[in-house]
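Engineer: In order, the protein sequence lines correspond to chains A and B.
When you line the first sequence up against the numbering used here, it's residues 1 to 248, in that order.
When you line the second sequence up against the numbering used here, it's residues 1001 to 1248, in that order.
C-beta atoms are modelled at their ideal positions from N, C-alpha and C, and glycine is treated no differently.
Every value quoted in this text rests on a predicted model; they were computed, and no experiment measured them.
One structure follows; several queries about it will come next.
2 protein chains.
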Amino acid sequence: MDSSQGPNQNHLLAALPTAEFHRIAPHLELVAMPLGEVLYESSGQLQHVYFPTTAIVSMHYVMENGASSEIAGVGNEGVLGISLFMGGNTTPSRAVVYTGGYGYRLKARLLMQEFNRADIMQRLLLRYAQALMTQISQTAVCNRHHSVEQQLCRWLLLTLDRLPSNELVMTQELIANMLGVRREGITEAAGRMQQAGFISYRRGHISVLDRSGLETRACECYAVVKKEHHRLLCDVRNRQELLSSSHS
Amino acid sequence: MDSSQGPNQNHLLAALPTAEFHRIAPHLELVAMPLGEVLYESSGQLQHVYFPTTAIVSMHYVMENGASSEIAGVGNEGVLGISLFMGGNTTPSRAVVYTGGYGYRLKARLLMQEFNRADIMQRLLLRYAQALMTQISQTAVCNRHHSVEQQLCRWLLLTLDRLPSNELVMTQELIANMLGVRREGITEAAGRMQQAGFISYRRGHISVLDRSGLETRACECYAVVKKEHHRLLCDVRNRQELLSSSHS
DNA sequence: CCTGCTATGTGCGGTAACCCTCGTATGCTG
DNA sequence: CAGCATACGAGGGTTACCGCACATAGCAGG
């Protein structure tokens, strides 16, 4: 496996100090994560945690009437299965792959061992959990106050940040399911974005031509999530405060 | 201070084993939490964590244009300031008291000491954080899919669960700000609830007359939050799994 | 008891997003 | 290359919520 598919494609794994990384590396299992695969069912017990490298996964809630909407997305910046170390072992939401790709998984027991060492891995996981909480919070705010167009832009940008290229492979219907809106709403908004020259698309493929254009149409929620994620996790390896702050 | 105002009015503090409770008890400081008080400013550093007993606090996000909406509420079932032990030390949201009352606070440093013992307190805090995440998630779902009336019912029920009586002291305007909707929308929905005999209200006071009536009008979100909170935290003292699960 | 502030009630036009339906065309598959 | 599933586009009626403007009514302070 070449470096483009190695574990350190995942930002959390990459942020581990060498010693900690080598301790878990033998137990990291490369797995394919095809489009549509359900990693966790609502209220299902977790056997593994997943560190995506090229795949992107949606945590979403399916309502009694069948409608659903995304709570948060997880790609190479994060990990799936935080309810393991939070103590609940499951959540009321599902986790479904919406951009096929790869990731590494680790057995639940091994992750808990690492977590209980109360070292860098624990700090990283907890900080990631907080970043995720911010993402969920902004989803809530965004759902209340912002237009479908703004939400589409936010969502495209967040997804784009998790991919190496500027091409997303997905249908408008899929995006509509993620955002919990009608497909026609996405068609309209995407049409306007194409008209503006920010994106171009054809049957299941969306190319982003002008990132900053999308950013001007997105609501502040995108920036809040990015900024908070950066604050909590970026350059985390360099920051002494990662450990020291926990004892202050 | 009588038992009706003691620290074990807070469910998290009450769930601590005797030994752990006595270790922190001397450091718990009873504080008044009057309506409107801002406990944490957006991105402000935390000096204390707060365990409300009779007060209720809203974590909410204020947008650039001044509009705001609640992300989650915290009362005697929880604690404010989880970003301390999550490692971020702050969040992009504010924490404002919306039902005046009392609570206990603990210095940040002392809470971190307890957290780093990796004992029951840590398990409790992490589990509570997960319950809070579920609450935020359902807020997101609810904002997307449910009517103002459903959301009002959900919100009244969640608030009611944190109070000893069936009377809420708050204006429709306040509720509107919490839910991020127009005041008139609340007037209408509340009018219907009063017509149905579920509540009765007068200028700043709402009495709930028929809980189960409200439950029938609320969306599933209320039940999901309650159930998950119960699963994660109820009778936590009796459950051996609280510690054992973390080593499994 | 009066005054004034503030909470609540109401009405009206505007609009974004809904629901449903159907037409069109793209790109895979045999 | 032909056939077909499915992704996208478009139209029309409906509704929930918004924004504003203003009327009424409860309650506190003088």
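Check this for me: beta carbons of A/S69 and B/H1145, under 8 Å apart or not?
Structural biologist: Counting from 1 along the first sequence, the entry for residue 69 of chain A is found at position 69. Counting from 1 along the second sequence, the entry for residue 1145 of chain B is found at position 145. For A/S69 and B/H1145, yes; Cβs fall inside 8 Å.
Engineer: Hey, which unbroken runs of the beta strand (DSSP E) at 3 residues or more fall wholly within the region 167 to 192 of chain A?
Structural biologist: Qualifying beta strand (DSSP E) stretches, in chain order: 167 to 169.
Engineer: Return the Cβ separation of A/V97 and A/V57 in integer angstroms, given the expectation that the two are a contact with Cβ distance under 8 Å.
Structural biologist: Looking up residue 97 of chain A in the first sequence gives position 97. Looking up residue 57 of chain A in the first sequence gives position 57. That pair is a contact at about 5 Å.
Engineer: Flag B/L1152 as yes when its Cβ comes closer than 7 Å to any non-hydrogen atom of the ligand NAD, and as no otherwise.
Structural biologist: Absent from the structure shown: the ligand NAD. Ligands present: none.
Engineer: Using CA atoms only, rank isn't needed, just tell me which of A/D210, A/G87 and A/A55 is closest to A/E37.
Structural biologist: The count along the first sequence starts at 1 and reaches residue 37 of chain A at position 37. For A/E37, the nearest C-alpha among the options comes from A/A55.
Engineer: Quick one: grab the DSSP three-state call for A/P34.
Structural biologist: Within the first sequence, residue 34 of chain A is the residue found at index 34, counting from 1. If DSSP states are grouped into helix, strand and coil, A/P34 belongs with coil.
Engineer: Which two residues bound the contiguous beta strand (DSSP E) that contains A/S68?
Structural biologist: Position 68 of the first sequence holds residue 68 of chain A. Taken as a continuous stretch (DSSP letters only), the beta strand (DSSP E) holding A/S68 covers S68 to V74.
Engineer: CA-CA distance, A/L233 and B/F1198?
Structural biologist: Here residue 233 of chain A corresponds to residue number 233 of the first sequence, with the count starting at 1. Here residue 1198 of chain B corresponds to residue number 198 of the second sequence, with the count starting at 1. Answer to the nearest angstrom: the Cα atoms are 47 Å apart.
Engineer: Can you confirm whether B/A1067, when its beta carbon is compared against all beta carbons of chain A, has any partner nearer than 8 Å?
Structural biologist: Taking the second sequence and counting its residues from 1, one reaches residue 1067 of chain B at position 67. So yes, B/A1067 belongs to the interface.
Engineer: Please say whether A/G87 and B/Q1130 have beta carbons closer to each other than 8 Å?
Structural biologist: Within the second sequence, numbered from 1, the residue matching residue 1130 of chain B stands at position 130. Within the first sequence, numbered from 1, the residue matching residue 87 of chain A stands at position 87. Closer than 8 Å, so yes.
Engineer: Mapping DSSP to helix, strand and coil, what is B/M1059?
Structural biologist: On the second sequence, position 59 is the one that residue 1059 of chain B refers to. In this structure, B/M1059 counts as strand in the three-state DSSP scheme.
Engineer: Examine chain B for any beta-carbon lying closer than 8 Å to the beta-carbon of A/N143, and answer yes or no.
Structural biologist: The sequence position of residue 143 of chain A within the first sequence is 143, counting from 1. Interface residue, yes.
Engineer: What whole-angstrom Cβ distance do A/C153 and A/R217 have, given they're in contact under 8 Å?
Structural biologist: Mapped onto the first sequence, residue 153 of chain A falls at position 153. Mapped onto the first sequence, residue 217 of chain A falls at position 217. That pair is a contact at about 5 Å.
Engineer: Three or more beta-carbon pairs under 8 Å between the region 1204 to 1212 of chain B and the region 1164 to 1173 of chain B, yes or no?
Structural biologist: Segments in contact, yes.
Engineer: Beta-carbon within less than 8 Å of B/H1229's beta-carbon, same chain only, minus the 5 sequence neighbours each way: which residues are those?
Structural biologist: The residue labelled residue 1229 of chain B in the question sits at position 229 within the second sequence. Hits under 8 Å: E1077, A1131, T1134 and Q1135.
Engineer: Which value, in whole angstroms, describes the spacing of the CA atoms of A/L157 and A/S212?
Structural biologist: The residue given as residue 157 of chain A occupies position 157 in the first sequence. The residue given as residue 212 of chain A occupies position 212 in the first sequence. Spanning the two alpha carbons is a distance of roughly 10 Å.
Engineer: Does the separation of the CB atoms of A/F108 and A/V181 fall below 8 Å?
Structural biologist: By 1-based counting over the first sequence, the position of residue 108 of chain A is 108. By 1-based counting over the first sequence, the position of residue 181 of chain A is 181. First, the residue type needs correcting, since residue 108 of chain A is Ala and not Phe in the sequence shown. Their beta carbons are not under 8 Å apart, which means A/A108 does not touch A/V181 by this criterion.
Engineer: Residues in the region 220 to 236 of chain A with C-beta within 7 Å of chain B's C-beta atoms, listed in sequence order?
Structural biologist: Of all residues in the region 220 to 236 of chain A, E220, V224, E228 and L232 have a Cβ within less than 7 Å of some Cβ in chain B.
Engineer: Check the DSSP bridge columns for A/K227 and list the partner residues they point to.
Structural biologist: As a working mapping, residue 227 of chain A is identified with position 227 in the first sequence. BP columns for A/K227 are empty, so no partner.
Engineer: How is A/L28 classed by DSSP in three states: helix, strand or coil?
Structural biologist: Locating residue 28 of chain A in the first sequence gives position 28, where the first residue counts as 1. Coil at A/L28, not helix or strand.
Engineer: With a cut-off of 8 Å on the beta carbons, I'd call A/N89 and B/A1118 a contact; round off their distance for me.
Structural biologist: If you number the first sequence from 1, residue 89 of chain A lands on position 89. If you number the second sequence from 1, residue 1118 of chain B lands on position 118. Actually they are not in contact, since the Cβ atoms of A/N89 and B/A1118 sit about 18 Å apart, beyond 8 Å.
Engineer: Can you check which of these residues, B/E1215, B/C1219, B/Q1009 and B/A1196, is closest to B/G1101 by C-alpha distance?
Structural biologist: Within the second sequence, numbered from 1, the residue matching residue 1101 of chain B stands at position 101. Checking every option, the nearest Cα to that of B/G1101 belongs to B/Q1009.
Engineer: Could you please tell me which residues of the region 1001 to 1025 of chain B, in chain order, have their CB closer than 8 Å to any CB of chain A?
Structural biologist: If the cut-off is 8 Å between Cβ atoms, the region 1001 to 1025 of chain B has nothing near chain A.
Engineer: Please report whether the beta-carbon of B/L1126 lies at a distance below 8 Å from any beta-carbon of chain A.
Structural biologist: Here residue 1126 of chain B corresponds to residue number 126 of the second sequence, with the count starting at 1. Output row for B/L1126: interface = yes.
Engineer: Checking contacts by CB at 8 Å: is A/G73 closer than that to chain B?
Structural biologist: Position 73 of the first sequence, counted from the first residue, corresponds to residue 73 of chain A. So, not an interface residue.
Engineer: Listing by chain order, which chain B residues have their CB less than 9 Å from the CB of A/R123?
Structural biologist: Residue 123 of chain A sits at position 123 when you count from the first residue of the first sequence. Simply G1087.
Engineer: Are there 16 or more other CB atoms within 10 angstroms of the CB of A/R105, so buried, or fewer, so exposed?
Structural biologist: Numbered from its first residue, the first sequence carries residue 105 of chain A at position 105. Buried: at least 16 other Cβ atoms inside 10 Å.
Engineer: Can you give me the C-alpha to C-alpha distance between A/A189 and B/V1225, rounded to a whole angstrom?
Structural biologist: In the first sequence, the residue the question calls residue 189 of chain A occupies position 189. In the second sequence, the residue the question calls residue 1225 of chain B occupies position 225. Using only the alpha carbons, I get a separation of about 33 Å.
Engineer: When the distance is taken between beta carbons, is A/A72 closer than 8 Å to A/T18?
Structural biologist: Along the first sequence, read from residue 1 onward, the residue named residue 18 of chain A stands at position 18. Along the first sequence, read from residue 1 onward, the residue named residue 72 of chain A stands at position 72. Not closer than 8 Å, so no.
Engineer: Can you give me the start and stop residues for the beta strand (DSSP E) that B/I1206 sits inside?
Structural biologist: Stepping through the second sequence from its first residue, residue 1206 of chain B is reached at position 206. Here the beta strand (DSSP E) through B/I1206 covers H1205 to V1208.
Engineer: Excluding the 5 residues flanking A/Q5 on each side, which residues of the same chain have their C-beta closer than 8 Å to its C-beta?
Structural biologist: One-based indexing of the first sequence puts residue 5 of chain A at position 5. Excluding positions up to five away in sequence, the list reads L30, T53, T54 and Y102.
Engineer: How far does the alpha helix (DSSP H) with A/F198 in it extend, from its first residue to its last?
Structural biologist: What you label residue 198 of chain A is simply residue 198 of the first sequence in a count that begins at 1. That residue, A/F198, is in no alpha helix (DSSP H); it is neither H nor E in DSSP.
Engineer: Against B/Y1061, what residues of chain A qualify as contacts under a CB-to-CB distance less than 7 Å, listed in chain order?
Structural biologist: For this step, residue 1061 of chain B is matched to residue 61 along the second sequence. Residues of chain A passing the Cβ test: S137 and V141.
Engineer: Is A/Y128 closer than 8 Å to A/V62 when the C-beta atoms are compared?
Structural biologist: Numbered from 1 along the first sequence, position 62 holds the residue referred to as residue 62 of chain A. Numbered from 1 along the first sequence, position 128 holds the residue referred to as residue 128 of chain A. No, Cβ-Cβ distance for A/V62 and A/Y128 is not below 8 Å.
Engineer: What residue does the alpha helix (DSSP H) around B/H1145 start on, and which one ends it?
Structural biologist: Here residue 1145 of chain B corresponds to residue number 145 of the second sequence, with the count starting at 1. I1120 to H1145 is the span of the alpha helix (DSSP H), which, as asked, contains B/H1145.
Engineer: Since B/G1103 is in the beta strand (DSSP E), which residue starts that stretch and which ends it?
Structural biologist: Translated into positions along the second sequence, residue 1103 of chain B becomes position 103. From DSSP, the beta strand (DSSP E) with B/G1103 extends over G1101 to K1107.
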